[in-house]
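Single-structure report; data block below.
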Amino acid sequence: MTEENIQDEDFSLYSSLQALDSDALYELIQHLLRKKPELYQLALEWFKERLESEPETLTEGELISLNDDLLFEYWEDARVIISEFNELGGGPEEDEDEAYESMNKILELAKKIKFSTDAIIEFLDEVFEEYNLKNSGFEDLMMEVSFAVCRTEEEWKYLIKKLEEHPSDWRINLIMRINKNHLRNDSAYLEERLKDLEYGMDYWDLVKFYIDRDDMEKALETAEEGLKAKGRIEELLVYLAEHYAEKRDTSNLERIVNTALAHHEGEKKLLDRLSEYYKSEGDFEKAKNTLFKAFEFTSPDNYYAEYRRMEAFLSETDWKALEPEIFNRVRIKNFNDYLRICLDKGMKETVIEAILNYKVFSRESENSNEYNLDKFAEELLQDYPEKVLEYYWQKARKGIPCGNRSAYSFAARYLQKAKEVYINNLEDEAGWTKRFSDLKAEFKNRRAFIDEVKML
Numbered sequence: 022m023t024e025e026n027i028q029d030e031d032f033s034l035y036s037s038l039q040a041l042d043s044d045a046l047y048e049l050i051q052h053l054l055r056k057k058p059e060l061y062q063l064a065l066e067w068f069k070e071r072l073e074s075e076p077e078t079l080t081e082g083e084l085i086s087l088n089d090d091l092l093f094e095y096w097e098d099a100r101v102i103i104s105e106f107n108e109l110g111g112g113p114e115e116d117e118d119e120a121y122e123s124m125n126k127i128l129e130l131a132k133k134i135k136f137s138t139d140a141i142i143e144f145l146d147e148v149f150e151e152y153n154l155k156n157s158g159f160e161d162l163m164m165e166v167s168f169a170v171c172r173t174e175e176e177w178k179y180l181i182k183k184l185e186e187h188p189s190d191w192r193i194n195l196i197m198r199i200n201k202n203h204l205r206n207d208s209a210y211l212e213e214r215l216k217d218l219e220y221g222m223d224y225w226d227l228v229k230f231y232i233d234r235d236d237m238e239k240a241l242e243t244a245e246e247g248l249k250a251k252g253r254i255e256e257l258l259v260y261l262a263e264h265y266a267e268k269r270d271t272s273n274l275e276r277i278v279n280t281a282l283a284h285h286e287g288e289k290k291l292l293d294r295l296s297e298y299y300k301s302e303g304d305f306e307k308a309k310n311t312l313f314k315a316f317e318f319t320s321p322d323n324y325y326a327e328y329r330r331m332e333a334f335l336s337e338t339d340w341k342a343l344e345p346e347i348f349n350r351v352r353i354k355n356f357n358d359y360l361r362i363c364l365d366k367g368m369k370e371t372v373i374e375a376i377l378n379y380k381v382f383s384r385e386s387e388n389s390n391e392y393n394l395d396k397f398a399e400e401l402l403q404d405y406p407e408k409v410l411e412y413y414w415q416k417a418r419k420g421i422p423c424g425n426r427s428a429y430s431f432a433a434r435y436l437q438k439a440k441e442v443y444i445n446n447l448e449d450e451a452g453w454t455k456r457f458s459d460l461k462a463e464f465k466n467r468r469a470f471i472d473e474v475k476m477l
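Following this note's numbering, the numbering of the sequence shown begins with 22 at its first residue and continues without gaps.
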């Protein structure tokens, strides 16, 4: 028998599968599913993908049944882990990731398709068996999934029933959310909400309800009442400020801004709004003074933008008078933004001296937005190559005494930058060679450092 004939007689799985009739193919699939139950989920997903490309292949009833099966397949994968976590109070990170993946599959499924109400009710029963134990760490995700799968009035009411089985403030808030947003049961929502108005966010929830129902008078009245509540009231203040600004009610707008200042909430946002209001009213003096006051509350990473905004807003005379104080405040509050402004003003010498003499050269500051000075060094390289070289050298040396691989790697990065300046900008390869050799000699006993810089 020739080699060619032997190859012709080799068994081919794919050819054999193609040769099977429908009964034999079904028998094979049944065998595989018995041996590998996890294939059941893969088969369901295959049918789901096929349906998406050929929606006419299944009836609506078959589609819902397929969705129900997938829902419980994903849930069972997650539940095994969640149940173990409930028993132990936690578990391995890889198991946690697997459970999250399965639950996220349910969330993705719920975005696109619907399930039968019977399946949802059974699903909620099983979810709350785990949720009520409150020891797995998956409680927020289980509640998110419970909300995601509900669509019909019957399903939402059943979710309320499950929440009412173990009453708590948190569950009452969830029930109120369902009644307000999903069932539109205003009386049920108001009955609970009006019994629980202690914090500013409670009042804000009620204000949003009245806004949604287009009852602006009650929304305004509730927002004003909420200013006396405990806790955060910023949302109420912003809402009221917008309302009074639109009504051109100067005295009430000023009152709301003063309330914000007294409560230390939303000061920047509300002072900015008041400044815009004064400007629209043609009162540029008050607009200027209010904007200047708002500058005091600038967030740490936004001083440059605020500096430019004030420059654009103020007249040339006012800017000339106020700019030195504003500039000094930026210098104190955000060194990085101060240097950006210096560059804009053409103060290159100030910037290069500032970064060269700055004392915080550490791996921590390297990752800080406030003190990341490398970009200024790069911008000034062509004008001050020798000083930028010294900046890189200082940062490299600062890392070496720390005595670990991370520190040596940090030092090597800046030595590479220094080398590039020596060779590309100063055209002094000999200078680099000597200085680098001296450095290695100084730290010759630090073998890990020598190994880290061996490619330089």
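Even for Gly, the Cβ is constructed at its ideal location relative to N, Cα and C.
Per the C-alpha coordinates, the member of Ala417, Tyr328, Ile127 positioned closest to Val166 is Ile127.
Residue pairing by DSSP puts Lys251 in a beta bridge opposite Tyr220. A residue is called buried when at least 16 other Cβ atoms come within 10 angstroms of its Cβ; Trp453 meets this threshold and is buried. Given a length threshold of 4 residues, each whole run of the alpha helix (DSSP H) inside the segment 178-237 is given here in chain order: 190-198, 207-214, 221-233.
Looking at the backbone, the Cα of Tyr435 and that of Leu295 are separated by about 48 Å. Residues of the same chain with a CB within less than 7 Å of the CB of Thr311, apart from the 5 flanking positions on each side, are Leu292, Leu295, Ser296, Tyr299 in chain order. Using a 10 angstroms sphere on the CB of Ser123, the tally of other CB atoms reaches 16 or more, which defines it as buried.
Between Asn156 and His187, the C-beta spacing is not below 8 Å. Asp98 counts as buried, since no fewer than 16 other beta carbons sit within 10 angstroms of its beta carbon. Spatial neighbours of Glu441 in its own chain (CB-CB distance under 8 Å, excluding positions within 5 residues in sequence) are not present. About 5 Å separates the beta carbon of Met197 from that of Tyr210, a gap short enough to meet the 8 Å contact definition.
Restricting attention to beta strand (DSSP E) runs no shorter than 3 residues, the segment 130-172 encloses none.
Assignment of Phe464 by DSSP, reduced to helix, strand and coil, places it in the coil class. In terms of Cβ geometry, Tyr413 and Ala451 do not form a close pair [threshold 8 Å].
Distance check between Leu195 and each of Phe168, Asp89, Ala120, Tyr220 places Phe168 closest, using alpha-carbon atoms only. If the five residues before and after Ile254 are omitted, its C-beta is found closer than 7 Å to the C-beta atoms of Gly221, Gly247, Leu248, His284, Glu286, all from its own chain and listed in chain order.
Per DSSP, the unbroken alpha helix (DSSP H) holding Lys314 starts and ends at 305-315. In this model, Asp235 and Val228 are separated by some 10 Å (Cα to Cα).
The segment 319-330 makes contact with the segment 356-373: 3 or more CB pairs, one atom from each, lie closer than 8 Å. Annotated as distal: Ala432 and Gly424, with beta-carbon spacing of 8 Å or more.
The shortest C-alpha to C-alpha distance from Ser86 to any of Glu332, Ser104, Ala120, Lys135 is the one to Lys135. In the DSSP annotation of this structure, the continuous segment of the alpha helix (DSSP H) that includes Ile362 starts and ends at 356-365. Its chain contains Glu151 as the residues whose beta carbon lies nearer than 7 Å to that of Ser104, once the 5 sequence neighbours on both sides are disregarded; these appear in chain order. For Leu377, the enclosing alpha helix (DSSP H) starts and ends at 369-378. Assigned with DSSP and collapsed to three states, Asp459 falls in helix. DSSP places Met476 in the coil class of the three-state scheme, outside both helix and strand. Each of Glu108, Leu257, Tyr231 was checked against the Cα of Glu288, and the nearest Cα belongs to Leu257. Each residue's CA atom was taken as its position, placing Lys309 and Lys178 some 55 Å apart.
At the C-beta level, Glu219 and Lys251 come within 8 Å of one another. One thing to note: Leu401 has its Cβ within 8 Å of the Cβ of Ile373.
Taking C-beta separations shorter than 8 Å and ignoring five residues to either side along the sequence, the partners of Thr138 in its chain run Thr173, Glu175, Glu176, following chain order. The beta carbons of Gln437 and Leu477 sit about 6 Å from each other, so the pair counts as a contact at 8 Å. DSSP places His285 in the coil class of the three-state scheme, outside both helix and strand. The C-beta of Ala140 has 16 or more other C-beta atoms within 10 Å across all chains shown, which makes the residue buried. Within the model, the alpha-carbon separation for Glu317 versus Leu130 is close to 49 Å.
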